[in-house]
Amino acid sequence: MTQTFIRTEMLPPEAPPARDSGAIKWLRENLFSGPLNTILTLLGLFIVYWGLSGLLPWIFGGVWNAGSLGECREIIAARTGGDGTEAACWAMVRERWHQYLFGFYPSDLYWRPTLAFGLLFVALAPVLFSQFPRKMFLLTLAYPAVAYLLLWGGSVWVPVMLILLVGAVFFIATRIGGGWGVTTFVVLLLLCFGNPLGNILWFLFRLVDALPFVAVPVAFEQSVLGFLAKIFPLFSHVHPWIHSILPWGLTPVNSDKFGGFLLAIVIGVTAISFSLPLGIILALGRQSDMFIVKSLSVGFIEFIRGVPLITLLFTASLLLQYFLPPGTNFDLILRVIILVTFFAAAYLAEVIRGGLAALPRGQYEAADALGLNYWQAQRLIIMPQALKISIPGIVSTFIGLFKDTTLVSFVGLLDPLRGVTMAVRADINWKGIYWEPYVFVGAIFFILCFSMSRYSMYLERKLKTDHR
Amino acid sequence: MNEQAAQKMQVSDEVAIQIAAMNKWYGTFHVLRDINMTVQRGERIVICGPSGSGKSTLIRCINRLEEHQAGQIVVDGTELTSDIKNIDKVRSEVGMVFQHFNLFPHLTILENCTLAPIWVRKVPKREAEETAMHFLRKVKIPEQAHKYPGQLSGGQQQRVAIARSLCMKPRIMLFDEPTSALDPEMIKEVLDTMIELAQEGMTMLCVTHEMGFAQAVANRVIFMDQGQIVEQNEPKEFFTNPKSERTKLFLSQILGH
């Protein structure tokens, strides 16, 4: 028999049934739901207690006021009656914290890196948080020059002329526009900041020298190269001239004075800011239809990823100098920054490629069908989505990059972990101190990296518009 | 249909799309074989056929989402070659609606509609927004303008996709199975929008299996199989008196239940 049913009235929605709630219920459900869960809960609590009961007294029972490691040990022994209980000797941190932060930067100039660090947040604010006014981006653009002046000192006119020259070249290039604009931009930049003619001639002379029976007279070679080196780069003639009229500047500080977290942050922040655009370009290059562009991108990515970072750092400190024409003298920190940037960019390129691959084909097709050109489609449709998907991977790479800055100790730079700690241990007062520097440096790294991680989670939540 | 609409639906003599001896291969697979067709301005053409017959590929060739290897396609007097300028010109004149909508999920409905006019047509933002609201009202969802695509139903998303194409003021609209991914209840709202568009005189090429739509607005139905045009006729004749055996079989299968 068929059951006929006709609903005469639609049911209104109701609130879900009220269940028992509160802390007791949560405990019962999450910690003590069964015999196994109860055992695991108790075991877990015991492990946490065991770990913390050893660690916390060591940390919080540490000695802050002492002049040496020996003095620390005496104070601890006196307090505990010599029962062998150990405690941290934070007195070392109290006495040497400035070296961990600034390396051998002159102590009367500490305000300069500190100010640069403070301004970093002003410069980052409009990049990281959209609620800041757009005009603040001008500050962000000016920040590299300001930070350079504050950190390395020297004539005010170096960063000022740098900004003005790059601005002027950029202005001229955009006026011309298109492919010729890009060409003009590159050529003018090379003339301003490099010696392109001299370098090309230098390579030509090397090539000619390599041929049998042909030799360029050394005197001729040197006079030509020397003459060009006197003219170029144009930039290096401008700022000394202005400086001779208006000698404004800050005390110069050499790169070998940099160390500790100052060094780690300088390398980390610069490499992070440059590796993202480079990584995007490499990821796009790898997907390109143009054979040469694609091959170069793949070759670059695979080579850089296939080589340990330390190899690249040694290249930066030793080999790079052999490949560059004589007279080019790059600062070691700059060379390290360049190779750390390359290293991170290769990883980022692959992370971003993953994001690109996750986008449905339809997005490209819709952008094409609407008549957007390649760069418009990339900038407005593809990249915003691909980068959003890749945020966790990108931030992981950034965190990895930041921690890898400690590897620069291998090329003789004073990184906070090994470099500064070795310097501290070389002091007779702190000889033999072992855990404290690592715990201290580790804690600071943790705070910085954890902040990056939290920011990435904030960004993911904010950009979540797909409502899946 | 009122008189005014009927007048607008007149087909003009002007040629909108001219396809001559066009062939396309996917690798070694010959997907489109010797396609010849002329579309006059104001025509509403429905293309149907079994899956894999090349109907989607055909209309995707018209805005060069697919490249043809032989023959000629001229859209609005511009021939499609590998010249990017021509391709961009054609694409900005030809609107396309996809089976899976392909809205941009990171932009609001309004931004979806204003993006191309602002960046391709260089329309000022305010003006582009006014146009977008005009078309969103037309597809009857102006109140959703500030939501994201993921918050809308399939039918609403497809209507947004139509509005987004219209914002570029295209002279030709291509529809690639616009209702195939929709629930039955939502198909009607999309078809109504398309019928309205047809009555305003838009030149339309539509790949669809909605035979009711074909009978209501199409002035020509093209049946494709194995990459070739098997039969084309006016809808009444096509449905009541198909000539080819293949067409008869196809019609009996889709109308048979």
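In order, the protein sequence lines correspond to chains A and B. The UniProt record's numbering puts the first sequence at residues 1 to 468. The UniProt record's numbering puts the second sequence at residues 1 to 257. Heads up, the beta-carbon is just placed ideally off N, CA and C, and yes, glycines get one too. If you're wondering where the values come from, they're calculated on a predicted model, not measured in any experiment.
Assigned with DSSP and collapsed to three states, B:Val120 falls in coil, not helix or strand. Distance from the CA atom of A:Pro144 to the CA atom of A:Pro384, rounded to whole angstroms, is 25 Å. For the segment 92-105 of chain B, residues whose beta-carbon sits nearer than 7 Å to a beta-carbon of chain A comprise Ser92, Met96, Phe98, His100, Asn102, Phe104 and Pro105. The DSSP-derived three-state label of A:Ser155 is strand. About 5 Å separates the beta carbons of B:Met173 and B:Met204, which is inside the 8 Å limit, making them a contact pair. Interface annotation for the segment 366-380 of chain A against chain B: Ala366, Asp368, Ala369, Leu370, Gly371, Leu372, Asn373, Gln376 and Leu380, criterion Cβ-Cβ distance under 7 Å. Look at the segment 15-43 of chain A: it has no residue with a C-beta under 8 Å from a C-beta of chain B. Contact of A:Gln385 with chain B by beta-carbon distance below 9 Å involves Phe104, Pro105 and His106. In the structure shown, the three-state DSSP call for A:Thr85 is coil.
In chain A, no part has a C-beta under 7 Å from the C-beta of B:Val39; the shortest such distance is about 18 Å. Contact annotation: in the segment 51-68 of chain A, no residue has its CB less than 8 Å from a CB in chain B. The C-beta of A:Tyr100 has 16 or more other C-beta atoms within 10 Å across all chains shown, which makes the residue buried.
The way I'd put it, the segment 153-172 of chain B does touch the segment 135-144 of chain B; three or more beta-carbon pairs between them come closer than 8 Å.
Closest in C-alpha terms to B:Leu80, from the list B:His146, B:Met202, B:Val207 and B:Ala20, comes B:Ala20. Spatial neighbours of A:Gly84 in its own chain (CB-CB distance under 6 Å, excluding positions within 5 residues in sequence) are not present.
Within the segment 135-193 of chain A, complete alpha helix (DSSP H) segments of at least 4 residues are found at 137-152, 157-176 and 178-193, given in chain order. DSSP lists B:Phe29 as the beta-bridge partner residues of B:Tyr26. Proximity to A:Ile163 across A:Arg175, A:Ala147 and A:Leu151 peaks at A:Ala147, based on C-alpha coordinates.
A:Gln3 counts as exposed, since fewer than 16 other beta carbons sit within 10 angstroms of its beta carbon.
Identification of chain B residues near A:Lys388 by a Cβ-Cβ cut-off of 8 Å yields His106, ordered along the chain. Within 7 Å of the CB of A:Gly362, the CB atoms of chain B belong to Phe98, His100 and Asn102, in sequence order along the chain. Contact between B:Ala16 and B:Val39 holds, with the beta-carbon distance rounding to 5 Å and staying under 8 Å. For B:Phe223, no alpha helix (DSSP H) segment is defined; the enclosing uninterrupted segment is the beta strand (DSSP E) at Arg220 to Asp225.
Here the alpha carbon of A:Ala88 sits roughly 52 Å from the alpha carbon of A:Leu296.
Leaving aside the five residues that flank B:Lys24 on each side, the residues in its chain whose CB is nearer than 7 Å to its CB run, in chain order, Val31, Leu32, Thr57, Cys61, Glu66, His68 and Gln69. Its chain contains Ala125 and Pro126 as the residues whose beta carbon lies nearer than 6 Å to that of A:Phe132, once the 5 sequence neighbours on both sides are disregarded; these appear in chain order. Inclusion of A:Ile399 and A:Met457 in the CB contact set at 8 Å is not warranted, their separation being larger than that value.
By the neighbour-count criterion, in which 16 or more other beta carbons inside 10 Å mark a residue as buried, A:Trp157 falls on the buried side. The alpha carbon of A:Leu151 has as its nearest neighbour, out of A:Ala123, A:Leu141, A:Ile245 and A:Pro113, the alpha carbon of A:Pro113.
Of the other Cβ atoms in all chains shown, fewer than 16 fall within 10 Å of the Cβ of A:His98; this residue is therefore exposed. Contact between the segment 399-417 of chain A and the segment 435-450 of chain A is present, with at least three C-beta pairs closer than 8 Å. Under the DSSP definition of a beta bridge, B:Val97 partners with B:Phe175.
Membership of B:Ala70 in any alpha helix (DSSP H) is not indicated; the residue belongs instead to the beta strand (DSSP E) covering Ala70 to Val75.
Interface with chain A (8 Å Cβ-Cβ cutoff): B:Trp119 is included. Using a CB distance cut-off of 8 Å, B:Asp88 counts as an interface residue toward chain A. Listed as beta-bridge partners of B:Glu79 by DSSP are B:Val74.
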